[in-house]
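Engineer: The structure follows.
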Amino acid sequence: MYRNRVAGTARIGRGPCPDRRAGRAHRPRWALATLLCAVASSALVPSHPFRLSVADVGVGDSVLDVRIRFFWDDLQLAVMENTSDMEFELAETREVDEVVEQYINDMLTIDADGTLLQGTVLERGIQDARNPDEVMWWYRLEYPLDPSVDRIHVRNRVLFNMFEDQRNLVHLRTRGGRERTYYFSWDEDNVTLRLN
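Per my numbering, the sequence shown runs over residues 452 to 647.
As C-alpha cells, this is what we get:
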C-alpha cells in the first residue's frame, strides 16, 4: 500500500539529493536513532497495562500478617527513586530485603492507637508470568499488634512516589474471620480499619 513512500522522502535543508545512495545513507542513521530511543524508553517504562499492588492482611491476636505483591519493575523503579540509588536492583538477598522493608514501612504506614507500627520482612517470593514485565515479587511482613487494639489507621502510598496512576488494594481478614477489601488511589490514600 505504501510502496513508494520511501522513494518520495525529501531531504530537508540540504537541497535535492544528486546521488540516490547519499540519500539512503541518512535513512539508516535516523532509523537506528529512532530504534535506540524506543528501546531505551521502553526499558524505563513498564509495559504492563495497569499499576497495582495487592496486600493480603490477616489479623492475629498480637500480629498483623501482611503479604504484599508488586510488579517487579514498578517496585524496582519506586525503590530506586525513593533511595536515590540508580544502581538498585531487586535480588533475593537480605540486603535488598532490608531496603524493600524500609520502603514499605515508609509508604505503607499503620497507626495503632497513636503508635506507628514497623513491619519486618519474614519472607519473599517471585510469581512468574508469561510476560517478563508482569512478573510479581511478594513480601510477607509481620507487624506487632497489641491485642487490645480494635482499629488501625492505614495510609497506603506504595508506589505513589513513582506513578500517579498507581492503585493499591488491601484485602483484610478480621479477627472474627470477616473479609473486607479497601481501595487506595493517589487522592484517597488512607482509611481506618476495624480489626474485629
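Think of the CB as a built atom: it goes at the ideal place given N, C-alpha and C, for glycine as much as any other residue.
Considering only residues of the same chain and omitting the five flanking positions on each side of Q527, which have a CB-CB separation below 8 Å?
Structural biologist: Taking the first residue of the sequence shown as 1, we reach residue 527 at position 76. Counting only Cβ-Cβ distances below 8 Å, and skipping sequence neighbours, we find F539, E540, L541.
Engineer: Assuming M531 is part of the alpha helix (DSSP H), what are its boundary residues?
Structural biologist: Taking the sequence shown and counting its residues from 1, the one referred to as residue 531 is at position 80. It spans 523-534 - the alpha helix (DSSP H) in which M531 sits, taken as one unbroken run.
Engineer: Which first and last residues belong to the alpha helix (DSSP H) in which V510 is found?
Structural biologist: Working through the sequence shown from its first residue, we reach residue 510 at position 59. Segment 503-510 is the beta strand (DSSP E) holding V510; no alpha helix (DSSP H) there.
Engineer: On the criterion of 16 or more Cβ atoms from any shown chain inside 10 Å, does S535 qualify as buried, or is it exposed?
Structural biologist: Mapped onto the sequence shown, residue 535 falls at position 84. It is exposed - the Cβ of S535 has fewer than 16 other Cβ atoms within 10 Å.
Engineer: I'd like the list of long-range same chain contacts for F635, defined as Cβ closer than 6 Å, with 5 residues on each side in sequence excluded.
Structural biologist: In the sequence shown, counting from the first residue as 1, residue 635 sits at position 184. The residues are N607, N619.
Engineer: When the Cα atoms are used, what is the spatial distance from V621 to A506?
Structural biologist: As a first step, residue 621 must be located in the sequence shown, where it is residue number 170. As a first step, residue 506 must be located in the sequence shown, where it is residue number 55. Those two C-alpha atoms are separated by around 5 Å.
Engineer: In terms of alpha-carbon separation, which member of N556, M537, P598, Y590 lies closest to S513?
Structural biologist: Start at 1 with the first residue of the sequence shown, and residue 513 comes out as number 62. Of the listed residues, the one whose Cα sits closest to S513 is P598.
Engineer: When you compare the stretch 582-589 with the stretch 559-570, are there three or more beta-carbon pairs, one atom per stretch, that lie closer than 8 Å?
Structural biologist: Segments in contact, no.
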